[in-house]
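Engineer: Numbered per full-length UniProt numbering, the sequence shown spans residues 1 to 237.
Here it is: the structure, laid out below.
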Amino acid sequence: MNYALPGFWQQIREHRTISLVLANAVVLLAMLLGVFGLFGDRILDTFAATPCSSGDQSYIVRGGDTLSGIAARYKTTYQRLADYNKLANPNLIYVQQRICIPGAKPQSKAPTPFSYTLPKTRGSGNWFAFPQCTWWANQRYYQLHGVYVPWTTNSDAWQWVNRARDFGWRVSYSPIPGSIIVFQPNVQGASWLGHVGIVERVNSNGSVTVSNTNWGANPTSVTYTTAWPGNGVAFVY
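Right, here's the structure in full:
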């Protein structure tokens, strides 16, 4: 024979059931957070390290980026980028994530001929450490022009504008194909030491395609990114 529990004991049993459910939920949440804490960085690194196909451009996501904004820069749609990169949620992208842009890869060399005279004061080699951005900028400039930069001291990336002036090199605040682009600290994703790269192309929308090393998830690989002239950005040649 079944007897109905008194109202008081019925309430205790219901409260105990609710408490057990909440406790289990808390435990499950803690386990999930623990797993993400252990492997979250690896998961994000996997996103960033995903290689692009031959012929694609590669864009490394920076703080404040949106997929629609990246799409607009490359004259495509966010739907196409989402499909091409197999993004389940186009509204969810991560800083340092690599976005592959379908289409032609930037030219390996800047457009020629150059409309400026090369500097007279020249370096004797590339004394910067690989794969620092300064190493690539110096090496690529030599590939394009047969000229190394002459400064080797007081030559962190952010100092290249002043060092260029010290050695009689030109400094511009308008994009110059084949020039060295110099970012001041914390500008457009640069570190606290600044960043340098090479302007591979000046695009029709006013942006520039830049080749870099020591950028993104694969610092030893040459990465192509898009940058914009503005505050804290100069061009040395």
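All residues carry an ideal CB built from backbone N, CA and C; glycine is no exception.
On a predicted model such as this, the values are computed, not experimentally measured, just so you know.
I need the DSSP call for Leu-33, collapsed to helix, strand or coil.
Structural biologist: Note that Leu-33 scores 48 on pLDDT, short of 50, meaning its location in the model is unreliable; the coordinates nonetheless yield the value given after this. Looking at Leu-33 - three-state DSSP - the assignment turns out to be helix.
Engineer: Can you check DSSP and say which residues form a bridge with Gly-197?
Structural biologist: Per DSSP, Ile-181.
Engineer: Does the distance from the CB of Tyr-148 to the CB of Ser-124 come in under 8 Å?
Structural biologist: Contact: yes.
Engineer: Check whether the stretch 89 to 96 touches the stretch 55 to 75, counting contact only when three or more Cβ pairs, one atom from each stretch, lie closer than 8 Å.
Structural biologist: The answer is yes - the stretch 55 to 75 touches the stretch 89 to 96, with three or more Cβ pairs under 8 Å.
Engineer: For Gln-57, which of helix, strand or coil comes out of DSSP?
Structural biologist: DSSP places Gln-57 in strand when its eight states are reduced to three.
Engineer: At the level of alpha carbons, what is the spacing between Asn-218 and Tyr-224?
Structural biologist: Roughly 12 Å between the two C-alpha positions.
Engineer: If you measure between the beta carbons of Ala-157 and Thr-121, is that distance less than 8 Å?
Structural biologist: Taking 8 Å as the Cβ cut-off, Ala-157 and Thr-121 do not qualify as a contacting pair.
Engineer: Which of the three DSSP states, helix, strand or coil, is assigned to Gly-69?
Structural biologist: Note: Gly-69 maps to helix in three-state DSSP.
Engineer: Could you tell me which of Arg-80, Cys-52, Val-202, Trp-192 sits nearest to Ile-180, measuring between CA atoms?
Structural biologist: If we check each option's Cα against that of Ile-180, Val-202 comes out closest.
Engineer: Would Gln-97 be called buried (16 or more neighbouring beta carbons within 10 Å of its own) or exposed?
Structural biologist: Classification for Gln-97: buried.
Engineer: Under the three-state reduction of DSSP, which class applies to Ala-137: helix, strand or coil?
Structural biologist: Three-state DSSP puts Ala-137 in a helix.
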